[in-house]
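This report refers to the structure that appears directly beneath it.
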Amino acid sequence: MAALVLLRYGEIALKGKNRRFFEQALLENVKTALKGLGARVVRLHGRFLIYGEEAEEDAIIRRLSRVFGVVSLSSVKTAPLELEAIKEKAVEMVGSGPLPGGSFKVEARRPNKSFPVTSPELNRILGGAILARHPGLKVDVENPSFCLFVEIGAKESYLYRDQVPGPGGLPVGASGQALLLLSGGIDSPVAGWMAMKRGLRLEAVHYHSYPFTGLRSREKVIDLCRLLAQYCGRLELHLVNVAGIQKEIQAHCPADLGIILLRRMMMRIAEALSRQRGLQALVTGESLGQVASQTLESMIAIENATSMLILRPLLGMDKQEIVALARKTGSYEISIRPYEDCCTLFLPRHPATRPRLERVIQAEEALDTRSLTESALESMESMAIED
Amino acid sequence: MAEIYLDNSATTRPFEEVIELQSRIQRENYGNPSSIHARGVAAEKLLDEARRSIAQLLQCREEEICFTSGGTEANNLALKGAAYRWRRRGNHIITTQIEHPSVLNCCRRLEEEGFTVTYLPVDEQGYVDLEQLERALRKETILVSIIHVNNEIGTIQPVEKIGALIKSRHPRALYHVDGVQSFAKIPTPVQRWQADLYSCSAHKIHGPKGAGALWVRKGVSLQPLFQGGDQEQGLRPGTENTPAIAAFGLAARLCAAQMAENAARLYHLKEKLCRELEEAGVEFYINGPPPAEAAPHVLNLSFPGIKAEVLLRLLEAREIYVSPGSACHSRRPDPSHVLTAIGLEEARLSGALRFSFSSFNDEEEMERVAEAIAAGIRELKALAGRRPGQ
Ligand SMILES: Cc1ncc(COP(=O)(O)O)c(C=O)c1O
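For the record, the sequence lines run as chains A and B.
For the first sequence, our numbering assigns the number 1 to the initial residue and increments by one for each residue that follows.
For the second sequence, our numbering assigns the number 1001 to the initial residue and increments by one for each residue that follows.
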């Protein structure tokens, strides 16, 4: 028997004129996510039906549950357009063995009005058939422990029980393209996830300072990108060495501004990279007031180095909320691995928490920012990371 | 420039002969030693030969060798096997504060299961105090487990005196020696120590990963960790890893043939490295016993004012591989329990690096390493805004 999966999308169905565009983007992302599984996708007024091999049903659902734009998924069974066959299927789907009890309801729809039984009648008939087989069950239309959905289509009827939630949001790519500043900590992968959820296609840039940071932090960032790629299919990662820049800052600038100046260089490099790659915005994992470099004053001083739009999806979130989301997406376990940019060598003991912009700009005059940006980009390493 | 591998306490590069033997056996001699046909007999012969090689180094009987998957499993079998088998006699275990995690975490688990464990402190060179051991021994003591050579600082415990003390006070307590870092490196006459159990591991002596052994003195009964067939007299069921075990035996023979010369050579290399560092004006402390008194292959140094992990990275960039004395990351500082037990203060803890040697190393490498350390420290001090030497 073949597997049949029903995919629902919500938000994008409401997008008026853009609807076709969004549906097309979602369809392509769904097809990319299913690559290698030999499944076929059919559009069905405001939903997709996926036909595949029965043995691959779990894999299909698992992959689609990570496609942004998907609201929910159900494994669907079919029955011919005959009441007896539908009854039989409905009873079969509730289970064959003795049930521990609990409650249920049947929710039938009849888009195909040529079918002679109305939806309320179907609810009653199918509910009765199920109760006859499982006397321990109760009908509860308010708060059932499970719900059996029945839909009378043009050629056959569809039955399904459980819905697997999708991540919601908009299809990746539908909103544009941006560059994620990915550090290896807990925040930035979550920021990337949120940006993708709003339909951005991302590339990622990671700044390291080999040999002061080790090879394991590089592996960690690659693993984070592999995780993000599960939600978008494919991600370009750019690795930029800033050890040379750190040394210059250390040698020529006040110690308390070291972090701010480094961040400003990171913004410049990100901007240059975005121009090369045709990306429209930067995405960072900053949120207000967590660490010294994330006060409003610091953000102003950092942002001043670039003219690009900086998106900060985590701005309104608490640390606990960020951690909860990191756990949900799976990035948490990777982010807490001990090998990270553990090089505290360059960290001043007392970083400026409320730097004045004029002082920062003045301090930066000791650096040749243009040639530092260029040489950092020259030694950049890029790789495509696929799910 | 060739790499310089100085992390031989973690694992060693296998001998070429070992690699060849192991792959030849996989290709040509893949039988199951339990099979009764010719292939099985040939495989069984490989095990017997390996058993003889290990037994020779321990000066014990062949049938007392039980092959395992490595040092960790040998330690688990010794500790849990003895504790579960003898819990009716008593519930007290003695060990030290500077054991390998495969012993320490076994002890913690046993504590959770109702055993009481005494963790003997050590002095600033890592030696246990015999008087404290004597005081700790009581009639409920069923097992004493001692690390022979410490993997971080190279302290060689007086295992013979310890054995004499245990057996004179409390002959029924079993005596286990974790010999993973001493096996085939220094003499290990386990009977003379009056030991009952001794663990060793192949990959620390240029053998393959995935093989080790527990010596179980004849007459000592342990509870197996798992149930299965009657391999290794039922003490360690499961089809034997014949290619790795045979290669383990070969590595042991090769090391045994060179043991004394090799030890002398490694002592010489340690001394050379220390001298080169001094001549280069590098400030450092030796953690643990004086180099000539510690095991031949371990040297633990602290470079004050330097973050060991950063220095390690600078050495790595020159293909020189060492281990941090203490893992320390910005998120979770994780000072080594061994360096903490010998009482190192914070500055020396965070500046500790472990250099561990093998017969593949030579004098010229020591010169390059000393140079690289001196250059690295100069660079770091310059970056930290201080002049070198200040
Ligand atoms: C003293 C000591 N005991 C036990 C072990 C564990 O041995 P294996 O790596 O073979 O499991 C080691 C290895 O790190 C060790 O140094």
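Heads up, the beta-carbon is just placed ideally off N, CA and C, and yes, glycines get one too.
* Asked: So Asp162 of chain A is in the beta strand (DSSP E); what residue range does that whole segment cover?
  -> Ser157 to Pro165
* CA-CA distance, Glu82 of chain A and Leu27 of chain A? -> 32 Å
* Check whether the Cβ atoms of Gly289 of chain A and Ser188 of chain A sit closer than 7 Å, and answer yes or no. => no
* Any idea if Ser1034 of chain B is buried or exposed, counting beta-carbon neighbours within 10 angstroms, 16 or more meaning buried? -> exposed
* To do: Count the C-beta pairs between the segment 262-276 of chain A and the segment 239-250 of chain A that are closer than 8 Å, then say yes if the count reaches three, no if not.
  => yes
* Please check the pair Leu357 of chain A and Ile310 of chain A, which I expect to be a contact at CB under 8 Å, by giving their CB distance rounded to whole angstroms. => At roughly 16 Å, the Cβ-Cβ gap does not stay under 8 Å, so Leu357 of chain A and Ile310 of chain A are not in contact.
* Asked: Given that a residue counts as buried once 16 or more other Cβ atoms are within 10 Å of its Cβ, and exposed if not, what is Arg20 of chain A?
  -> exposed
* Asked: Ala1164 of chain B to Met1259 of chain B, Cα distance in whole Å?
  -> 26 Å
* To do: Within its chain, find whatever has a CB closer than 8 Å to the CB of Gln1231 of chain B; leave out the 5 residues flanking it on each side and keep chain order.
  => Pro1033, Ser1034, Pro1237, Gly1238, Thr1239 and Glu1240
* Name, please, each residue of chain A whose Cβ falls closer than 8 Å to the Cβ of Arg1039 of chain B. => Correct list: empty, because the minimum Cβ distance to chain A is about 38 Å.
* To do: Pick out whichever of B:Ser1053, B:Leu1077 and B:His1268 has its Cα sitting closest to the Cα of Gln1227 of chain B.
  => B:Leu1077
* What is the DSSP secondary structure of Arg354 of chain A, reduced to helix, strand or coil? -> coil
* **Buried/exposed call for Cys1328 of chain B, threshold 16 Cβ in 10 Å** => Confidence is the limiting factor: at Cys1328 of chain B the pLDDT is only 46, short of 50, which leaves the residue's position unreliable, though a coordinate-based value still follows. Buried, since its Cβ has 16 or more Cβ neighbours within 10 Å.
* What residue ranges within the segment 172-246 of chain A form continuous alpha helix (DSSP H) runs of no fewer than 4 residues, ordered along the chain? -> 187-197 and 215-232
* When you compare only the Cα positions, how much space is there between Lys319 of chain A and Gly185 of chain A? -> 12 Å
* To do: Tell me Thr78 of chain A's beta-bridge partners as DSSP assigns them.
  => A:Tyr158
* Asked: When you compare only the Cα positions, how much space is there between Lys138 of chain A and Cys147 of chain A?
  -> 12 Å
* Which term fits Val1128 of chain B, buried or exposed, when burial requires 16 or more other beta carbons within 10 angstroms of its beta carbon? -> buried
* Close beta carbons around Gly1114 of chain B, own chain, < 7 Å, minus the five adjacent residues each side -> Asn1091
* **Three-state secondary structure (DSSP) of Val1159 of chain B** => helix
* Asked: If you draw a straight line from the alpha carbon of Ala1308 of chain B to that of Gly244 of chain A, how long is it in whole angstroms?
  -> 21 Å
* Which residue from B:Leu1143, B:Asp1048, B:Pro1158 and B:Arg1052 puts its Cα closest to that of Leu1222 of chain B? -> B:Leu1143
* Asked: In terms of residue numbering, what span does the beta strand (DSSP E) encompassing Leu1120 of chain B cover?
  -> Thr1116 to Leu1120
* To do: On the DSSP bridge assignment, give the partners of Cys1066 of chain B in chain order.
  => B:Leu1214
* Can we say the segment 1173-1183 of chain B touches the segment 1097-1109 of chain B, given the rule of at least three CB pairs closer than 8 Å? -> yes
* Asked: On the premise that Pro211 of chain A lies in contact with Leu1314 of chain B, defined as a C-beta separation below 8 Å, what is that separation, rounded to the nearest angstrom?
  -> 6 Å
* For Gln1181 of chain B, is the beta carbon positioned less than 6 Å from some heavy atom of ligand 1? -> yes
* Segments assigned alpha helix (DSSP H), at least 4 residues, entirely inside the segment 254-331 of chain A -> 258-277, 296-303 and 319-329
* To do: Figure out for me which residue from A:Leu49, A:Leu325, A:Asn143 and A:Leu227 has the closest Cα to the Cα of Lys31 of chain A.
  => A:Leu49
* Backbone CA spacing between Lys197 of chain A and Pro1304 of chain B [nearest angstrom] -> 49 Å
* To do: Residues of the segment 1345-1359 of chain B with a CB closer than 8 Å to any CB of chain A: list them in chain order, please.
  => none
* Asked: Is the segment 1249-1257 of chain B touching the segment 1114-1124 of chain B, taking contact as three or more C-beta pairs under 8 Å?
  -> no
* To do: Compute the minimum distance between the beta carbon of Ser1336 of chain B and the heavy atoms of ligand 1, and state whether it is under 6 Å.
  => no
* Asked: Can we count Asp1178 of chain B as close to ligand 1, meaning its CB is less than 6 Å from some heavy atom?
  -> yes
* Can you tell me which of the three DSSP states Ala1043 of chain B falls into? => helix
* Asked: From which residue to which residue does the alpha helix (DSSP H) around Tyr1084 of chain B run?
  -> Gly1071 to Trp1086
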